[in-house]
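> Just dropping this structure here.
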Amino acid sequence: METVKVTRRELIDTKRRISTAKRGLQLLKMKRSSLILEFFELAKQVQSMKMDLKGLMKKSREGIEIADALSGRITIMRVAQEQSEKTAVLKARNVMGLVIPNISMNKNIDILSENDSLTIPTPVYDAKRLYSQFLSMLIEIAEKETAMRKLLNEIYELNRRTNSIENIIIPRWLAKIKYIKQSLDDMERDRLVSIKFIKKLHG
């Protein structure tokens with residue numbers, strides 16, 4: 004055991020440290036529980052979205068095949084080049100102090116303009132709409148999976164900290180309190196014995 008000051012002040016200070024550590028431990032556990040709930044909610048969303056993504060990918064491929072057959076590859080390539088500039092907007096949200104990325108696509112991919120339905124052949128327009136939805140969902144899944152990784156890392160760190168406080172720091176301080184109390188009791192007994200001895204000598 005480390006060198007311990009056997010004083011009542013040290014006893015009081017150590018008790019205060021334990022109370023503070025227990026309050027901090029409770030807050031860390033609350034944060035961990037919230038992040039775990041957030042993780043499982045995201046996992047459920049990602050699983051559902053991936054199932055939808057498979058169906059959307061199939062429809063997108065079928066849409067391209069139909070557009071290719073009815074409008075030709077050259078038309079598809081021309082529209083693809085005209086619509087090649089796609090941008091994403093990176094934002095963030097806060098979950099119990101943890102910053103989670105939030106990616107969204109700009110309007111030129113999320114929403115087809117009214118002119119598109121007039122200037123683009125219908126089969127190509129339909130294929131473009133399906134692929135727009137597919138890409139938006141793909142990016143949203145990637146964003147959620149990135150958030151899940153951040154949550155896992157934070158949960159791991161919280162586990163490490165709570166285990167350290169609960170299984171190392173607090174038990175060490177409790178042992179310190181026990182040692183100080185026992186030492187103070189021994190000192191008090193020695194003092195009383197000394198007083199009795201002195202009284203006996205002068206008696």
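Residues are numbered in this note's numbering as their position in the sequence shown, beginning at 1, plus a constant of 3.
Every residue gets a Cβ at the ideal spot worked out from N, C-alpha and C, and that includes glycine.
Note that the coordinates shown come from a computational prediction; the quantities given were computed from them, not determined experimentally.
If you compare alpha carbons, which of L138, S197, V98 is closest to D55?
For the residues L138, S197, V98, the minimum Cα distance to D55 belongs to L138.
> Candidates G66, Y182, T165, I201: which alpha carbon is nearest V7's?
Minimum Cα distance to V7 is reached at Y182.
> Please report the residue range of the alpha helix (DSSP H) in which T10 lies.
Careful: T10 lies outside any alpha helix (DSSP H) and carries neither H nor E.
> When the Cα atoms are used, what is the spatial distance from K53 to L14?
Roughly 58 Å between the two C-alpha positions.
> Since I158 and F42 are thought to touch, with beta carbons under 8 Å apart, how far apart are those beta carbons, to the nearest angstrom?
That belief holds up - the Cβ atoms of I158 and F42 are roughly 7 Å apart, short of 8 Å.
> Report the rounded CA-to-CA distance for S63 versus K131, giving the unit in angstroms.
About 8 Å.
> Looking at S186 and V49, is the spacing between their C-beta atoms short of 8 Å?
No, Cβ-Cβ distance for V49 and S186 is not below 8 Å.
> Is K179 buried or exposed, if buried means 16 or more other CB atoms sit within 10 Å of its CB?
K179 should be labelled buried.
> Roughly how many angstroms lie between the CA atoms of N166 and T23, to the nearest whole one?
Approximately 16 Å, taken between the alpha carbons.
> Taking Cβ positions, are I39 and L177 nearer each other than 8 Å?
The answer is no: Cβ separation not under 8 Å.
> Give every residue of the same chain whose Cβ lies closer than 8 Å to the Cβ of D129, excluding the five residues on either side of it in the sequence, and list them in chain order.
Closer than 8 Å at Cβ, skipping near neighbours: G66, I69, A70.
> Just to check, is the beta-carbon of I103 closer than 7 Å to a non-hydrogen atom of the ligand ADP?
Within the structure as shown, the ligand ADP is missing, as the structure has no ligands at all.
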